[in-house]
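Visitor: So the sequence shown is numbered by full-length UniProt numbering: it starts at 1 and just counts up by one. If you scroll down you'll find the structure; I have some questions about it.
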Amino acid sequence: MTSQVSSQAEQADAAVVGGQRRSPEKDVRRLDRVIIRFAGDSGDGMQLTGDRFTSETASFGNDLSTLPNFPAEIRAPAGTLPGVSSFQLHFADHDILTPGDAPNVLVAMNPAALKANIADVPRGAEVIVNTDEFSKRAMQKVGYETSPLEDGSLDGYSVHPVPLTTLTVEALKDFDLSRKDAGRSKNMFALGLLSWMYHRPTGGTERFLRTKFAKKPAIAEANIAAFRAGWNFGETTEDFAVSYEVAPAAEAFPAGTYRNISGNLALSYGLIAAGRQADLPLYLGSYPITPASDILHELSRHKNFGVRTFQAEDEIAGIGAALGAAFGGSLAVTTTSGPGVALKSETIGLAVSLELPLLVVDIQRGGPSTGLPTKTEQADLLQAMYGRNGEAPVPIVAPKTPADCFDAALEAARIAVTYRTPVFLLSDGYLANGSEPWRIPEVDELPDLRVQFASGANHTDEDGAEVFWPFKRDPQTLARPWAIPGTPGLEHRIGGIEKQDGTGNISYDPANHDFMVRTRQAKVDRITVPDLEVDDAHGDATTLVLGWGSTYGPITAAVRRLRAAGQPIAQAHLRHLNPFPANLGEVLGRYDKVVVPEMNLGQLATLIRARYLVDAVSYNQVNGMPFKAEQLATALKEAIDG
1 MTSQVSSQAE
11 QADAAVVGGQ
21 RRSPEKDVRR
31 LDRVIIRFAG
41 DSGDGMQLTG
51 DRFTSETASF
61 GNDLSTLPNF
71 PAEIRAPAGT
81 LPGVSSFQLH
91 FADHDILTPG
101 DAPNVLVAMN
111 PAALKANIAD
121 VPRGAEVIVN
131 TDEFSKRAMQ
141 KVGYETSPLE
151 DGSLDGYSVH
161 PVPLTTLTVE
171 ALKDFDLSRK
181 DAGRSKNMFA
191 LGLLSWMYHR
201 PTGGTERFLR
211 TKFAKKPAIA
221 EANIAAFRAG
231 WNFGETTEDF
241 AVSYEVAPAA
251 EAFPAGTYRN
261 ISGNLALSYG
271 LIAAGRQADL
281 PLYLGSYPIT
291 PASDILHELS
301 RHKNFGVRTF
311 QAEDEIAGIG
321 AALGAAFGGS
331 LAVTTTSGPG
341 VALKSETIGL
351 AVSLELPLLV
361 VDIQRGGPST
371 GLPTKTEQAD
381 LLQAMYGRNG
391 EAPVPIVAPK
401 TPADCFDAAL
411 EAARIAVTYR
421 TPVFLLSDGY
431 LANGSEPWRI
441 PEVDELPDLR
451 VQFASGANHT
461 DEDGAEVFWP
471 FKRDPQTLAR
481 PWAIPGTPGL
491 EHRIGGIEKQ
501 DGTGNISYDP
511 ANHDFMVRTR
521 QAKVDRITVP
531 DLEVDDAHGD
541 ATTLVLGWGS
551 TYGPITAAVR
561 RLRAAGQPIA
571 QAHLRHLNPF
581 PANLGEVLGR
591 YDKVVVPEMN
601 LGQLATLIRA
611 RYLVDAVSYN
621 QVNGMPFKAE
631 QLATALKEAI
641 DG
């Protein structure tokens, strides 16, 4: 947990490491923002390196946004382009929204990392290269006929050739480690060097390493030694004559206590908070699947909050157990990604028929089938909307940023327990793995989600007997009673065959089925959701850009660029995709043009056209990566001018 403004001790920590103080002789330049990308083999620890740099940046008080990018294989082939893992961090002294379009600094641990990423690096940017890995064989493996360090192909960049492996091994010569084992700490050397370059605090990383390797203190101290050696190398080498300062973003955040948080962690905390606010035990029935597995891992750590996690043998068993827990009175959750939703669809339909609260968390990824397990996409919207047999309406909620996953989880839980329905929570890989600062809310800011279980008879028969009708509905929400098994007198049928309205008895009556289908749809249609808010700075825009989910950051950044250039444009972002906000049709009718950027082939645009008869213009991308702000700004400018 970190506060938004670093303490004096932390700032002093940024200037001293390993007993060394930053030399006043080197030039220090002030920047308002920086984008750094660490890249190497999937075994080089790039995700850990990026995560540690991010944590220290958060503790310093910068606003930040991250983009981890890694192969689907647990250990991809070393030295190959498909095996490259990278971590991009954008941090600033002001409010930012995306991980950045192009890195100002690339740290390339081998030829594959350089080749896979150099096209994204603008001319003039700094490129730090681990020269030890640029052997003839390693370069040929990725298609370099000549060394890019010698053939002039990098002349447009500020290249820093650094023998990271050799320097790391030298720094650890007093440790009882083989050259291979010592070389594994080269990521910590690189982290130390970048920490020096950007005046990052260092104490947190040293504490982290001692904790991570608490059972292997010698390994912890070796990594710390490598980290300090990298910092001191930056301090003493003539190749790095300049270091940079990015001040804390003191004005970017409302007052409060902040921490850096990923989307999956925020979603996990949101589910725990929902369980506490509903005064219900939280039950997760899940099967591991990328990129949703971290939610299972995190929730399994919180039994003290009444959380039970069940790792099932498959997707179907996971949701079946969760639905059983919902019947038993738990706040029930199942987590998955697109392929798992396909397997769960029959049980989601059963939850619709039984009218029980169930959260279906879909962390979307590239498809179809196995597709791109570690890349992002938002192409499950139509599957969430219609991907079941029969008329089986399910509400859909989508977070817009990593931190917003916390609030979206609470909102999905509110809808589920209030209206007795399964609810889709559509996140994606970009939100799940990315991170940003999150203000930790006070408990009294959280919604009251407590529910009343059925406790006795709720209907009088024609003969005057007091009986329990399991499908007698609340007149406002159309929700049926939630009756806990074992409660005397509340026995009732469950199962997928159509029920008679009120009594819940099996019914094949055509008129009853028509009524029940329309009633379940009406229940979803009347869910109360906030009106859509429109950001139209001066009220003179004729073009509206409408988004949902993780496109929020790139869209907002693009809109800011256009407005700074004098272009009027309005922006609105949907959290609720079923039902839509009541004022959506009126909002769409105000504008001559509606542009819908999506990481799919136009799924929201299809729904908008069908529902509101608006000629929405799709702008689509399905390359497994989030939109870039400049790319969107160009497309939106063309829409305005067109």
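Using N, Cα and C, we set each Cβ at its ideal position, and we do this for glycine too. Keep in mind it's a predicted model, so treat the numbers as computed, not measured.
Tell me residue 570's beta-bridge partners as DSSP assigns them.
Guide: Within the sequence shown, residue 570 is the residue found at index 570, counting from 1. Partner(s): 544.
Visitor: When the Cα atoms are used, what is the spatial distance from residue 508 to residue 516?
Guide: Here residue 508 corresponds to residue number 508 of the sequence shown, with the count starting at 1. Here residue 516 corresponds to residue number 516 of the sequence shown, with the count starting at 1. Cα-Cα distance, rounded: 11 Å.
Visitor: Let's test the definition: count the other Cβ atoms within 10 Å of the Cβ of residue 355 and tell me whether it reaches 16, buried, or not, exposed.
Guide: Along the sequence shown, one-based indexing puts residue 355 at 355. Classification for residue 355: buried.
Visitor: As an exercise, report each continuous beta strand (DSSP E) stretch of at least 3 residues that is fully enclosed by the segment 404-487, in chain order.
Guide: 422-428 and 435-439
Visitor: Could you check which residue in 545, 600, 336 and 623 has the C-alpha nearest to that of residue 640?
Guide: Within the sequence shown, residue 640 is the residue found at index 640, counting from 1. Of 545, 600, 336 and 623, the residue nearest in Cα terms is 545.
Visitor: Based on DSSP bridge pairs, tell me the residues matched to residue 506.
Guide: As a first step, residue 506 is located in the sequence shown; it is residue number 506 there, counting from the start. Answer is 499.
Visitor: Take residue 134 and list the residues in its own chain whose beta-carbon comes closer than 7 Å to its own, dropping the five residues that flank it on each side.
Guide: Numbered from its first residue, the sequence shown carries residue 134 at position 134. So the qualifying residues of the chain are 111, 147 and 149.
Visitor: Between the Cα of residue 75 and those of 152, 55 and 41, spot the shortest distance and give me the residue it belongs to.
Guide: In the sequence shown, counting from the first residue as 1, residue 75 sits at position 75. The shortest C-alpha separation from residue 75 is found at 41.
Visitor: By the three-class DSSP mapping on this structure, what secondary structure does residue 40 have?
Guide: Here residue 40 refers to the residue found at position 40 of the sequence shown. Looking at residue 40 - three-state DSSP - the assignment turns out to be strand.
Visitor: On a CA-only basis, which of 415, 295 and 326 is nearest residue 311? Give me that one, please.
Guide: Locating residue 311 in the sequence shown gives position 311, counting from the first residue. Of all alpha-carbon atoms in 415, 295 and 326, the one lying nearest the alpha-carbon of residue 311 is that of 295.
Visitor: Starting from residue 612, follow its DSSP beta bridges and name the residues at the other end.
Guide: Counting from 1 along the sequence shown, the entry for residue 612 is found at position 612. Beta-bridge pairing links residue 612 to no other residue.
Visitor: Tell me whether residue 132 sits in a helix, a strand or coil according to DSSP, three-state version.
Guide: Taking the sequence shown and counting its residues from 1, the one referred to as residue 132 is at position 132. Look at residue 132 here: in three-state DSSP terms it is helix.
Visitor: Is residue 88 helix, strand or coil when you go by DSSP?
Guide: On the sequence shown, residue 88 is found 88 positions in, with the first residue counted as 1. If DSSP states are grouped into helix, strand and coil, residue 88 belongs with the strands.
Visitor: Count the other CB atoms within 10 Å of the CB of residue 140; is the residue buried (16 or more) or exposed (fewer)?
Guide: Within the sequence shown, the letter at position 140 stands for residue 140. Under this definition residue 140 is an exposed residue.
Visitor: Answer with buried or exposed for residue 520, where buried requires no fewer than 16 other C-beta atoms within 10 angstroms of its C-beta.
Guide: What you label residue 520 is simply residue 520 of the sequence shown in a count that begins at 1. That one is buried.
Visitor: Kindly indicate which residue of 615, 489, 364 and 305 has the alpha-carbon position closest to the one of residue 656.
Guide: Nothing about residue 656 can be reported from this structure: the residues present for the chain run from 1 to 642 only.
Visitor: On a Cα-Cα basis, can you pick out the residue from 249, 305 and 237 that is closest to residue 268?
Guide: Within the sequence shown, the letter at position 268 stands for residue 268. Out of 249, 305 and 237, 305 has the C-alpha closest to the C-alpha of residue 268.
Visitor: Who are the Cβ neighbours of residue 189 in its own chain at under 8 Å, not counting the five residues just before and after it?
Guide: The sequence position of residue 189 within the sequence shown is 189, counting from 1. The residues are 164, 167, 168, 171, 226, 227, 229, 230 and 233.
Visitor: Within a Cβ cutoff of 7 Å, which residues of the same chain sit near residue 114, ignoring the five residues on either side of it in sequence?
Guide: Along the sequence shown, one-based indexing puts residue 114 at 114. Around residue 114: 108, 129 and 148.
Visitor: Could you check the C-alpha separation between residue 398 and residue 497 for me, to the nearest Å?
Guide: Stepping through the sequence shown from its first residue, residue 398 is reached at position 398. Stepping through the sequence shown from its first residue, residue 497 is reached at position 497. When rounded, the distance between both Cα atoms is 31 Å.
Visitor: Of the residues 173, 253 and 178, which one's Cα is nearest the Cα of residue 94?
Guide: Walking along the sequence shown from the start, residue 94 turns up at place 94. Of the candidates 173, 253 and 178, the one whose C-alpha sits nearest the C-alpha of residue 94 is 253.
Visitor: I need the straight-line Cα distance from residue 77 to residue 43, nearest angstrom please.
Guide: Translated into positions along the sequence shown, residue 77 becomes position 77. Translated into positions along the sequence shown, residue 43 becomes position 43. Straight-line Cα distance between these residues: approximately 10 Å.
Visitor: Opposite residue 596 in the DSSP bridges: which residues?
Guide: Along the sequence shown, read from residue 1 onward, the residue named residue 596 stands at position 596. 618.
Visitor: Of the choices 468, 301 and 244, whose alpha-carbon is the least far from that of residue 34?
Guide: As a first step, residue 34 is located in the sequence shown; it is residue number 34 there, counting from the start. It is 244 whose Cα lies nearest to the Cα of residue 34.
Visitor: In three-state terms, what does DSSP make of residue 360?
Guide: Numbered from its first residue, the sequence shown carries residue 360 at position 360. In this structure, residue 360 counts as strand in the three-state DSSP scheme.
Visitor: Under 7 Å Cβ to Cβ from residue 98, same chain only, skipping five residues before and after it: list those, please.
Guide: Position 98 of the sequence shown, counting from 1, holds the residue named residue 98. The residues are 65, 90, 553, 554, 557 and 629.
Visitor: Do you know how far the Cα of residue 223 is from the Cα of residue 21?
Guide: If you number the sequence shown from 1, residue 21 lands on position 21. If you number the sequence shown from 1, residue 223 lands on position 223. With a pLDDT of only 48 at residue 21, under the threshold of 50, the placement of this residue in the model should not be trusted, and no figure is reported.
Visitor: Identify the continuous beta strand (DSSP E) that holds residue 285 and give its terminal residues.
Guide: By 1-based counting over the sequence shown, the position of residue 285 is 285. Residues 282-286.
Visitor: Drop a sphere of 10 angstroms on the beta-carbon of residue 638, count the other beta-carbons inside from all chains shown, and report buried for 16 or more, exposed for fewer.
Guide: Locating residue 638 in the sequence shown gives position 638, counting from the first residue. Exposed is the call here.
Visitor: Which runs of the beta strand (DSSP E) fall wholly inside the segment 173-251 and span at least 3 residues, in chain order?
Guide: Listed in chain order, the beta strand (DSSP E) runs fully inside the segment 173-251 are 242-246, counting runs of at least 3 residues.
Visitor: Helix, strand or coil for residue 535, going by three-state DSSP, please let me know.
Guide: As a position in the sequence shown, residue 535 is number 535, starting the count at 1. Strand.
Visitor: Please work out which residues of its chain come closer than 6 Å, Cβ to Cβ, to residue 314, disregarding the five sequence neighbours upstream and downstream, and give them in chain order.
Guide: Translated into positions along the sequence shown, residue 314 becomes position 314. Cβ neighbours of residue 314 beyond the five flanking positions: 287.
Visitor: Is the Cβ-Cβ distance between residue 416 and residue 423 less than 7 Å?
Guide: In the sequence shown, residue 416 corresponds to position 416, counting from 1. In the sequence shown, residue 423 corresponds to position 423, counting from 1. Cβ distance < 7 Å, so residue 416 and residue 423 count as in contact.
Visitor: Please confirm whether residue 218 and residue 210 have their CB atoms less than 7 Å apart.
Guide: Taking the first residue of the sequence shown as 1, we reach residue 218 at position 218. Taking the first residue of the sequence shown as 1, we reach residue 210 at position 210. No, the Cβ-Cβ distance between residue 218 and residue 210 is not below 7 Å.
Visitor: Would you be able to state if there are at least three C-beta pairs under 8 Å between the segment 382-399 and the segment 338-358?
Guide: yes
Visitor: Exposed or buried, residue 401, counting other C-beta atoms within 10 Å across all chains shown (16 or more means buried)?
Guide: Along the sequence shown, one-based indexing puts residue 401 at 401. The residue in question, residue 401, is buried, as its Cβ has 16 or more Cβ neighbours within 10 Å.
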